[in-house]
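If you count by the working numbering, then the sequence shown holds residues 15 to 462, one letter each, in order.
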Amino acid sequence: MRAVREAAAVFGQLPRPHRIGLAVCSTLVLAATLWQPSSYLGHDLSPRVEVGIPSSGRELLSERNSEPLGAVVENNDPAFAIPADELEQQLTQNAQRNHRHTIASGDTLGGVFGQYGLPLADMYQMLEAEPSLQRLGVGQRLAWTVDQDGRVENLSVRRNAKFTDHYERVADGEYRHHRAEEAGELKPVRLSGRVSGSFYNSALAAGLTPNQIQELVQALQWRFDFGRQARRGDQFAVTVEQEFIDGRAVGRGEVKSLLYLNGNREIFVSRAQNGQFYDEEGNSLNRALRRYPTAQRFRISSPFNPHRKHPITGRVSPHNGTDFATPIGTPVLSAGDGVVVKAQKHPLAGNYVVVKHGREYVTRYLHLHRMLVKPGEHVKMGQRIALSGNTGRSTGPHLHYELIKKNRPVDAMKVPLPKAAPVPSGDIVEYGKIAREEKQVLQQALSS
Ligand SMILES: [Zn+2]
């Protein structure tokens with residue numbers, strides 16, 4: 015205060031012009047000090063609150079109620095391996111790993127790669143070959159094959175009935191693009207045969223390609239097991255769509271329908287306009303899978319991330335599942351109908367259960383407190399198979415849930431799941447008509 019009084023006394027002794035000049039300058043300086051752009055006002059008006067971070071919260075969020083980084087179970091860990099039956103061995107030996115995805119609203123190219131755990135490096139290389147890959151329209155169909163290492167070998171986008179974009183890997187990390195125009199004419203071709211030895215070899219002998227056989231085996235996976243139930247003497251007839259250019263057959267088309275006689279049992283399936291197979295009445299051949307392995311929803315403590323990097327070492331440490339922060343003892347429910355293939359202990363996974371659903375899907379449930387099922391047991395969708403826990407390498411009680419599609423971990427929270435929905439109501443009349451005709455033609459093919 016003394017300084018202020020002294021300053022006021024000095025100010026009073028100054029000549030008038032000086033006093034006016036000093037007052038003007040002081041006012042300007044004061045105004046400049048107080049003035050702030052209006053955009054800052056909002057921040058400064060809200061009071062600041064100091065929040066203490068407890069030491070446990072300073073860990074990376076992804077490490078809580080999860081697994082320590084670097085302590086994840088490899089997808090190909092022998093403890094998780096499911097012995098393949100003969101048909102599976104034949105299919106994986108001969109048919110490449112085919113995947114399909116129909117673009118839904120909100121889908122992006124990066125999102126699709128993420129869902130299926132495909133390498134982003136492959137995506138960037140494809141975009142380099144042809145950047146229009148990024149423009150995907152609702153309803154366009156993506157199809158791709160992956161090699162043993164999960165790299166994309168080729169990918170196609172069916173843009174419309176006339177154009178399809180193809181990307182093919184030519185050298186390591188390089189793709190070639192070409193756009194194919196449907197020039198030919200699609201004509202149905204009928205193939206028929208009788209099972210002698212395995213279904214797989216008999217179907218090959220009848221003229222079906224490995225990919226077509228795989229399509230049928232997959233479409234019927236919940237209804238008929240071609241590996242265990244096919245018998246010598248069974249008869250089959252198939253309609254495949256074949257492309258002809260100038261009367262010459264080129265390429266191989268899709269399977270349109272199948273009639274299979276297994277003893278007295280008759281199995282018929284036909285493909286509807288949406289590309290899915292249905293039975294004669296238009297019922298789904300699928301059994302559904304649920305999105306969540308618990309009755310209640312729990313916080314996701316660590317999401318699926320095939321590209322997760324260790325923050326210190328920088329090494330990629332994929333998180334192949336979704337972690338839910340479930341308290342110990344939470345009932346774990348089977349995602350779908352299936353067979354328990356593993357229920358045992360693992361140094362990293364703790365107590366874990368593996369369920370096989372048809373031929374395409376496998377689910378894994380890790381760090382369990384207690385297992386309620388045994389290998390070989392058949393389980394229903396929603397059945398209690400375990401109680402969640404904190405066993406193995408775990409940073410807190412949680413359930414690590416994995417969905418494996420065709421041997422590759424996929425994002426269980428995002429990937430389209432098989433539904434048991436019938437033919438869409440708008441297509442059902444047309445479908446019924448085509449299916450009845452198809453069945454008659456195939457019956458004739460078998461009796462002739
Ligand atoms: Zn996890």
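Each residue gets a CB set at the ideal place from its N, CA and C atoms; glycine is no exception.
Can you give the beta carbon distance from residue i to residue j, rounded, assuming they're within the 8 Å contact cut?
| i | j | result |
| --- | --- | --- |
| V346 | P317 | At roughly 19 Å, the Cβ-Cβ gap does not stay under 8 Å, so V346 and P317 are not in contact. |
| H381 | V87 | Actually they do not touch by this definition, with Cβ atoms about 11 Å apart. |
| F258 | K176 | Contact flag wrong, Cβ pair sits at about 17 Å. |
| S315 | R78 | 6 Å |
| K433 | N297 | With a Cβ gap of about 12 Å, K433 and N297 do not count as contacting. |
| V203 | V254 | 5 Å |
| L141 | L150 | Wrong, their Cβ atoms sit about 12 Å apart, outside the cutoff. |
| A143 | R190 | 6 Å |
| P436 | Y292 | 7 Å |
| R313 | G277 | Wrong, their Cβ atoms sit about 52 Å apart, outside the cutoff. |
Go to residue i, then tell me how far its beta strand (DSSP E) extends in each direction, as first and last residue.
| i | result |
| --- | --- |
| Y274 | 269-276 |
| S461 | Taken as a continuous stretch (DSSP letters only), S461 belongs to no beta strand (DSSP E), being part of the alpha helix (DSSP H) at 442-461. |
| N168 | 166-172 |
| I326 | Counting along the chain, I326 falls outside any beta strand (DSSP E), and DSSP gives it neither H nor E. |
| N365 | 364-371 |
| V385 | Correcting the residue identity first, residue 385 is Met in this sequence and not Val. Here the beta strand (DSSP E) through M385 covers 375-385. |
| D337 | 336-338 |
| R398 | 398-402 |
| Q358 | 352-360 |
| D179 | 177-185 |
| T344 | That residue, T344, is in no beta strand (DSSP E); it is neither H nor E in DSSP. |
| R204 | 199-208 |
| K419 | 413-419 |
| H113 | 111-116 |
Which residue from the options puts its Cα closest to that of residue i?
| i | options | result |
| --- | --- | --- |
| S80 | K447, H333, V393, I281 | H333 |
| R322 | A349, F312, Q310, G335 | G335 |
| V295 | V353, F127, D441, G328 | Per the sequence presented here, residue 295 reads as Glu, with Val not at that position. Nearest C-alpha to E295: D441. |
| K420 | A85, A98, P82, A93 | A98 |
| I418 | Q103, A349, P145, V283 | A349 |
| S212 | K447, R78, Q103, A435 | Q103 |
| D464 | E167, V171, G328 | Examination of residue 464 is not possible in this model, given that the chain is present from 15 through 462 alone. |
| D337 | G446, P325, E144, L413 | L413 |
| R305 | N174, M395, A194 | M395 |
| H113 | E144, R165, L134 | R165 |
| K428 | K453, N278, Q287, G124 | G124 |
| R550 | L132, E100, V184, F291 | There is simply no residue 550 to check, as the chain begins at 15 and stops at 462 in what is shown. |
| V152 | M137, D163, V126 | V126 |
| E374 | E229, E391, N319, I281 | E229 |
Can you list, in chain order, the residues of its chain with a C-beta nearer than 7 Å to that of residue i? Leave out the 5 residues immediately preceding and following it.
| i | result |
| --- | --- |
| E188 | Q139 |
| S408 | E81, G364, H381 |
| I67 | Bear in mind that the predicted position of I67 carries a pLDDT of just 46, short of 50, making it unreliable; the figure below should be weighed with that in mind. Within the same chain, I67 has no close Cβ partners at all. |
| P389 | V354, V355, K356, A357 |
| R72 | For R72, the predicted model reports a pLDDT of 40, less than 50, meaning its position is unreliable; a value from the coordinates is still stated below. Cβ within range, chain order: n/a, list empty. |
| D91 | none |
| A263 | Q256 |
| R111 | T159, V160, K420 |
| G352 | V369, K370, H371, V393 |
| G247 | R208, V209 |
| G128 | D425 |
| Q235 | G372, R373, E374 |
| L303 | A349, G350, H371, Y375, L431, P432 |
| A233 | V283, F291, L299 |
| A93 | H360 |
| K453 | L273, F282, E294 |
Below 6 Å CB to CB, which residues in the same chain sit around residue i once its five sequence neighbours on both sides are set aside?
| i | result |
| --- | --- |
| S70 | Any reading at S70 must be qualified, since the residue scores a pLDDT of 44, below 50, and its modelled position is unreliable; no value is offered. |
| G397 | Residue identity check: residue 397 is Gln in the sequence provided, not Gly. Only S348 meet the Cβ criterion. |
| L456 | A251, L273 |
| E416 | N334, G335, R378, P423 |
| P430 | none |
| S170 | A157, T178, H180 |
| T405 | G364, N365, H381 |
Taking the alpha helix (DSSP H) that residue i falls in, what are its first and last residues?
| i | result |
| --- | --- |
| G125 | 123-129 |
| M140 | 134-143 |
| F213 | 213-219 |
| E475 | As shown, the chain starts at 15 and ends at 462. That puts residue 475 outside it, with no answer to give. |
For residue i, I'd like the list of residues in its chain whose CB is within less than 8 Å of its CB, leaving aside the five on either flank, ordered along the chain.
| i | result |
| --- | --- |
| G403 | I342, G343, G364, N365, H381, L382, H383, R384, P411 |
| A220 | L205, S206, G207, F250, V252 |
| E199 | E257, F258, I259 |
| S439 | none |
| A449 | S271, F282, S284, Y292, E294, G296 |
| L105 | Y214, P224, I227, Q228, V231 |
| E444 | Q287 |
| T327 | G84 |
* Got a list of residues with beta-carbon closer than 6 Å to any non-hydrogen atom of ligand 1, in chain order? -> Qualifying residues come out as S80, E81, S316, H333, G335, D337, H414.
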